[in-house]
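Participant: What follows is a structure written as structure tokens; I'll ask about it next.
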Amino acid sequence: MIELVIMSRLLEYPDAALWQHQQEMFEALASSEKLSKEDAHALGVFLRDLVAQDPLDAQSAYSELFDRGRATSLLLFEHVYGESRDRGQAMVDLMAQYERHGLLLDSHELPDHLPLYLEYLAQLPEEEALGGLRDVAPILGLLSARLQQRESRYSVLFELLLKLANTQVDSQKVAEKIADEARDDTPQALDAVWEEEQVKFFADQGCGESEISAHQRRFAGAVAPQYLNISNGGQQ
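Just so we're aligned: the sequence shown equals residues 3 to 238 in the numbering used here.
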């Protein structure tokens, strides 16, 4: 499915190749048979606006959006398993699935990275590809809502992926659930994550309770990141 190839490329880090091959992207979009005229236009506008930016500005915005905090992470299992050990096994299983279909990863790629997953789906027969898209629809809905909340143009990509999947995700309900969610990309939230790691380090080093408590008090006002557990229907 050429549509998934396009989405995969647009969700990757916007490197110089995107600007060099932008015409090919527009031509690929023009050949789409699965997107409505309206949706193809929306995707074309996104692409046009993206390549109209200075590459450094686009790259900076991408990193700010997807690499700071976990709420808008493009690592799919981040939104399902978090730091659970189950995540490691899920990664192994997904990598094996890729290999069975001839997709080999290099040492720098994580199998649950959404652009890579879309690239994999694009190689499958259409019904299998759409089934794989439906499997991650709750995550796509969650990311779409969070990106809309942040008024990001990238939200349109997730809306279009959900349309392609033809699945029922109650966007309004998801938006309501995240309305009071603490941002995890603020300095306070990032400090909270750092502080948590420091506490773990102190504990591993055998520090006493008084030392750990004193360290925690320094960050008592920090914002704690909140995430939705989409595996049970979006309940917190």
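Even for Gly, the Cβ is constructed at its ideal location relative to N, Cα and C. Just so we're clear, the structure is a prediction, and the values are computed from it rather than from any experiment.
Are the CB atoms of A124 and V7 within a distance shorter than 8 Å?
Facilitator: Yes; because the gap between Cβ atoms is below 8 Å, this pair is in contact.
Participant: Starting from H43, follow the alpha helix (DSSP H) in both directions and report where the run begins and ends.
Facilitator: Where H43 is concerned, the enclosing alpha helix (DSSP H) stretches over 39-53.
Participant: Can you grab the Cα-Cα spacing for the pair A31 / L163, in whole Å?
Facilitator: The residue you asked about is not Ala; residue 31 is Leu in the sequence shown. The alpha-carbon atoms of L31 and L163 are separated by roughly 14 Å.
Participant: Just mark S75 as buried or exposed, buried being the case when its beta carbon has 16 or more other beta carbons within 10 Å.
Facilitator: Burial call: buried.
Participant: Which class does H81 belong to by DSSP, given the choice of helix, strand or coil?
Facilitator: H81: helix per DSSP, three-state reduction.
Participant: Is the CB-CB distance between Y9 and L159 below 8 Å?
Facilitator: Per the sequence shown, the amino acid found at residue 9 is Met instead of Tyr. Closer than 8 Å, so yes.
Participant: Between the region 13-32 and the region 128-142, do at least 3 Cβ pairs fall closer than 8 Å?
Facilitator: No, the region 13-32 is not in contact with the region 128-142.
Participant: Going residue by residue through the region 87-141, where are the continuous alpha helix (DSSP H) segments of at least 4 residues, counting only ones entirely within it?
Facilitator: Listed in chain order, the complete alpha helix (DSSP H) runs (minimum 4 residues) inside the region 87-141 are 88-102, 116-124, 128-137.
Participant: Would A205 be called buried (16 or more neighbouring beta carbons within 10 Å of its own) or exposed?
Facilitator: Unreliable positioning characterises A205 in this predicted model, as indicated by a pLDDT of 48, which lies under 50. The coordinate reading is nonetheless provided below. Its Cβ having fewer than 16 others within 10 Å, A205 is exposed.
Participant: Should Y122 be labelled buried (16 or more other beta-carbon atoms within 10 Å of its own) or exposed?
Facilitator: Result: buried.
Participant: Does the region 133-153 come close enough to the region 67-81 to have 3 or more Cβ pairs within less than 8 Å?
Facilitator: Output reads yes: the region 67-81 touches the region 133-153.
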